[in-house]
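In our numbering, the protein residues as written are 5 to 247. Encoded as structure tokens, the structure appears first; notes follow it.
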């Protein structure tokens, strides 16, 4: 299965082939390259078959079957973009409906393998337009449509998750900002309280100093009064007459 996606469809990624031999009027090299390329392809020697099909095309660029089979050989080597290029070259050729159906079917497979799902859907549809009985195209069309729908659902889910994540992040940022503002307010309040306490302490210190000075002054006054009384008493003693 592609992309780890489980499908209810039986996917038929089997390229249609055009293993017809060349006409007797073609050159000897033309026949030789084509036959050998078909033989190598059947034996799964896809790299060798690619080389031989290219040689055939060099001899006769208009030989559509060699272009068709070259696309198949590239597909088998997972060179999907190159295979697409070769199959698309046949879109400009005049082919009968059966060959057109096979061409679009192979093009659809190459597009699907390269991740171009929407393009593959259109190619499979073109294959069915030319041959409504092409069951392989029907199966792969259903698979491609199902895969596209799933990818769109996954994309929608990812976008929804991104929006939720953005919303969560915005809320988190707002909460962080609120907490920061609250912390600043608390710091200012604590600073104000500390200032008030310091002012109160300074005020109490001045009041204590004033009370102490006042107490000292009163104590000194009291001492002076006692001294005056003592002096007065002595004075009275001296004025007494001796008998």
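Glycine included, each C-beta is placed from N, C-alpha and C at the ideal position.
Determine the direct distance from the alpha carbon of residue j to that of residue i, and round the result to whole angstroms.
i, j, result
"residue 228", "residue 211", "25 Å"
"residue 70", "residue 115", "20 Å"
"residue 47", "residue 56", "14 Å"
"residue 99", "residue 158", "39 Å"
"residue 215", "residue 200", "22 Å"
"residue 192", "residue 184", "12 Å"
"residue 173", "residue 196", "34 Å"
"residue 179", "residue 161", "26 Å"
"residue 156", "residue 164", "12 Å"
"residue 82", "residue 153", "25 Å"
"residue 150", "residue 136", "20 Å"
"residue 93", "residue 60", "16 Å"
Let me check understanding here. Comparing Cα to Cα, which of the options lies closest to residue i?
i, options, result
"residue 79", "190, 102, 53", "53"
"residue 66", "34, 197, 183, 182", "34"
"residue 95", "43, 68, 222", "68"
"residue 84", "118, 152, 39", "118"
Tell me which same chain residues have a C-beta within less than 6 Å of the C-beta of residue i, skipping the five on either side of it?
i, result
"residue 134", "101, 104, 105"
Using C-beta distances below 7 Å, list every residue in its chain close to residue i, excluding the 5 sequence neighbours before and after it, in chain order.
i, result
"residue 148", "116, 121, 124, 125, 128"
"residue 198", "none"
Residues in the same chain with beta-carbon distance under 8 Å from residue i, minus the five sequence neighbours each way, listed in chain order, please.
i, result
"residue 132", "105, 138, 141, 142, 145"
"residue 232", "none"
Does the distance from the CB of residue i to the CB of residue j come in under 9 Å?
i, j, result
"residue 50", "residue 107", "no"
"residue 45", "residue 63", "no"
"residue 97", "residue 75", "no"
"residue 41", "residue 77", "yes"
contact_flag[the region 101-115, the region 123-130] where n(CB pairs < 8 Å) is 3 or more
yes
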